[in-house]
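What the sequence shown shows, in mature numbering (1 follows the signal peptide of the UniProt record, and there is no 0), is residues -19 to -1, 1 to 408, in sequence order.
Quick reminder that beta carbons are idealized off the backbone N, C-alpha and C, glycines included.
For reference, the structure discussed in these notes is given below.
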Amino acid sequence: MMKRFALAASLVLALAACQDDNLSRGSTRHLAPIPPATMALMSTKGMSKDDPILVRAYKKESELEVWKRGSNGKYALLKTYPICRWSGQLGPKTREGDRQVPEGFYSVTPAQMNPSSAYYLSFDTGYPNTYDRSFGRNGGDIMVHGACSSRGCFAMTDQNIAEIYSIAREALSAGQRGFQFQSYPFRMTAENLAKHRLDPNIGFWKNLKEGSDTFDVTKDELRVAVANRRYFFNADESVVTAVAQKQRHDEQEVADLISKGEKPIKLVYHDGDTHESFREALANVAGVSDTKLGFVSRTEGISSGPQVIALNDNGQEKQEAPSTALAFASMREVPVSQPEPRQPETRMAVAQKTAPVAAAASSTAETPFYKKMFGSVTELFSSSSAEPVAETVQMAPLAPARMAPAAKSVPQKRADAVTSVKVATAH
């Protein structure tokens, strides 16, 4: 009975995911100091524990970055943490219960820090913001927390959230009124933009990229405004010029990748993903809890990562070509004549034997055998940018031999000894 009760309690907590129930009230874990190794890393980068911070998260790569402002007044990357679990798909959160992790620009104040989280420690990301509300989006309690369970949150494991929490706590205690939290579907690289260029969210993602580019140019906290259901980033003229130049460069890189054959894709997740460093461990988790990771949600499908779906030029899923194994299976019904190795053959003898084959080929020239077999495959790829179907006709070399004079010479056509069919494959 006790075992059943414990299992039921674990399931309730796993389903609660990002809802904090203050189960850790009275704990002092939120007061744990920044680890010595991280303090040493700050020192080498010209930072102190009191300097302001900024956080950036990337869903596809399952990584969260903590940036700190250095003595030169610019933000620099302090450390990158692997995300143990995020849920949903790439794209913004729109409603309560959709399991989506938000994408956009948020602010975390001291009031959003939760030292009594059911998931060790946590802070609220600030969803929904002004941009989200302009679309009528709802929901809330979207956290960065411990454990490895997500229902719209970033789960970092207890060890990592303890360190992140302590860094944020010290910055806020030193006077930072709130730190910026930037959440992206993926790193805004030319490769990612080329791959996802036909996604329905691409317009929104390009708007997020404007913010990402502005931060990359200035290395300063973004001044974000929202108007007409769009993010705007206040910056002086020199910054605007530099950002525009970067965008032109990135757009050219995207165009170059497409011209070189980069195919559009869609990623479909079973329910979010995990960082590669956790994939093997999660595949071996039994039940809803693990001694190192804590509560774990929906491990099924995590071991293999997302399904990659190829898209056509209209953004629709490409239909897969029929398996060539089926075509080759039909060849069993075609009789194959075996050569007679004991009798050496002259060129004339070979020509006489292959004459019927040549005649048969010419009689069915309108629909050759391989086109009957592979017609559906070649038609499928004929409209794509893949290499077109090619035919190569070669004469098989024969050993020189003397020809005895024949009583009657009948001119014969040389048969195609080898016909190779090259079928382009889709990528």
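Residue i by DSSP, collapsed to three states: which one?
i: Asn173; result: helix
i: Ala152; result: helix
i: Ile246; result: strand
i: Asp122; result: coil
i: Arg114; result: helix
i: Pro91; result: helix
i: Cys(-2); result: coil
i: Arg260; result: helix
i: Phe350; result: Only weak support exists for where Phe350 lies, its pLDDT of 39 falling under 50; the coordinates are left without a value.
i: Val235; result: helix
i: Tyr56; result: strand
i: Ala291; result: strand
i: Tyr62; result: strand
i: Ser240; result: helix
i: Ser285; result: coil
i: Ser131; result: coil
i: Ala136; result: strand
i: Glu77; result: coil
i: Glu298; result: strand
i: Ser147; result: helix
i: Pro378; result: Interpretation of Pro378 is limited by its pLDDT of 45, a score under 50 that renders its predicted location unreliable; the figure taken from the coordinates is listed afterwards. If DSSP states are grouped into helix, strand and coil, Pro378 belongs with coil.
Can you give me the C-alpha to C-alpha distance between residue i and residue j, rounded to a whole angstrom?
i: Pro73; j: Asp32; result: 31 Å
i: Val125; j: Ala262; result: 21 Å
i: Asp296; j: Asp252; result: Correcting the residue type first, residue 296 is Gly in the shown sequence and not Asp. Going by the C-alpha atoms only, they are around 22 Å apart.
i: Arg114; j: Ser258; result: 36 Å
i: Tyr146; j: Glu298; result: 42 Å
i: Ser164; j: Val36; result: 8 Å
i: Ser270; j: Val277; result: 5 Å
i: His11; j: Ser29; result: 19 Å
i: Asn188; j: Ala223; result: 16 Å
i: Cys(-2); j: Pro166; result: 20 Å
i: Ala171; j: Leu45; result: 20 Å
i: Pro14; j: Leu238; result: 46 Å
i: Gly275; j: Asp105; result: 20 Å
i: Ala99; j: Met20; result: 27 Å
i: Val249; j: Ala128; result: 24 Å
i: Arg204; j: Ala267; result: 45 Å
i: Gly356; j: Gln233; result: Any reading at Gly356 needs caution, since the residue's pLDDT is 43, under 50, leaving its predicted position unreliable; the model's value is listed next. So the two alpha carbons sit approximately 38 Å from each other.
i: Ser103; j: Leu153; result: 15 Å
i: Gln140; j: Lys273; result: 9 Å
i: Ile215; j: Arg279; result: With the sequence shown as reference, residue 215 is identified as Asn, and Ile is not the correct amino acid for it. Their Cα atoms are separated by approximately 41 Å.
i: Glu144; j: Met23; result: 13 Å
i: Gly159; j: Glu243; result: 41 Å
i: Met137; j: Tyr62; result: 8 Å
i: Ser130; j: Thr255; result: 10 Å
i: Val220; j: Tyr87; result: 22 Å
i: Gln161; j: Val47; result: 10 Å
i: Ser8; j: Lys241; result: 57 Å
Cutting at 7 Å between CB atoms, please list the residues of its own chain near residue i, excluding the five before and the five after it.
i: Tyr112; result: Gly85, Val207 and Tyr212
i: Arg210; result: Ser115 and Phe116
i: Asp201; result: Lys55 and Tyr56
i: Lys190; result: Met169
i: Phe185; result: Pro73
i: Phe135; result: Ala38, Leu45, Ile64, Trp67, Val82 and Val125
i: Val198; result: Val220, Ala223, Val224 and Lys227
i: Ala18; result: none
Return the chain-ordered list of same chain residues with a C-beta closer than 6 Å to the C-beta of residue i, the five sequence neighbours on each side being excluded.
i: Ser344; result: Low local confidence applies: a pLDDT of 42 at Ser344 is under 50, so the model's placement there is unreliable, with the coordinate-based value given in what follows. Cβ within range, chain order: n/a, list empty.
i: Asn174; result: The identity of residue 174 in the sequence shown is Leu, whereas the question assumes Asn. Contacts found: Val235.
i: Ser52; result: Gly27
i: Lys49; result: Met28, Asp32, Ile34 and Leu59
i: Pro109; result: Arg118
i: Pro83; result: Lys74, Tyr108, Ile123 and Ser164
i: Ala155; result: Asp31
Between which residues of its own chain and residue i is the CB-CB distance below 8 Å, once the five residues before and five after are set aside?
i: Arg168; result: Tyr39, Lys41 and Glu42
i: Ile246; result: Lys176, His177, Val289, Ile290, Ala291 and Leu292
i: Gln157; result: Pro33 and Ile34
i: residue 409; result: Residue 409 lies beyond the stretch modelled for the chain, which goes from -19 to 408, so this question has no answer here.
i: Arg260; result: Ile283, Ser284 and Gly286
i: Tyr101; result: Ser5, Arg10, His126, Gly127, Ala128, Asp139, Ile142, Ala143 and Gly275
i: residue 410; result: This structure gives no information on residue 410, because the portion of the chain shown stretches from -19 to 408.
Output yes if chain B places a C-beta closer than 7 Å to the C-beta of residue i; else output no.
i: Ala18; result: The structure shown contains no chain B; it is built from a single protein chain.
**Message:** Is it the case that the region 187 to 206 contacts the region 227 to 234, given that we only count it when at least three CB pairs across the two stretches are under 8 Å?
**Reply:** In short, these stretches touch, since the Cβ pair count reaches three.
**Request:** At 3 residues or longer, and completely inside the region 2 to 49: list those beta strand (DSSP E) runs for me, N to C.
**Result:** As far as the region 2 to 49 is concerned, its whole beta strand (DSSP E) runs of at least 3 residues are 34 to 39.
**Request:** Report yes or no: do three or more beta-carbon pairs, one from the region 172 to 186 and one from the region 89 to 105, lie closer than 8 Å?
**Result:** Per the Cβ contact rule, the region 172 to 186 is not in contact with the region 89 to 105 (fewer than 3 Cβ pairs under 8 Å).
**Prompt:** Can at least three beta-carbon pairs, one atom from the region 63 to 83 and one from the region 276 to 294, be found at a separation below 8 Å?
**Reply:** The answer is yes - the region 276 to 294 touches the region 63 to 83, with three or more Cβ pairs under 8 Å.
**Message:** My parser needs the alpha helix (DSSP H) runs of 4 or more residues fully inside the region 154 to 228; what are they?
**Reply:** Whole alpha helix (DSSP H) segments, 4+ residues: 171 to 176 and 183 to 199.
**Asked** Counting pairs of beta carbons, one from the region 117 to 137 and one from the region 54 to 61, are three or more of them closer than 8 Å?
**Response** Proximity of the region 117 to 137 to the region 54 to 61 falls short of the contact definition, fewer than three beta-carbon pairs being nearer than 8 Å.
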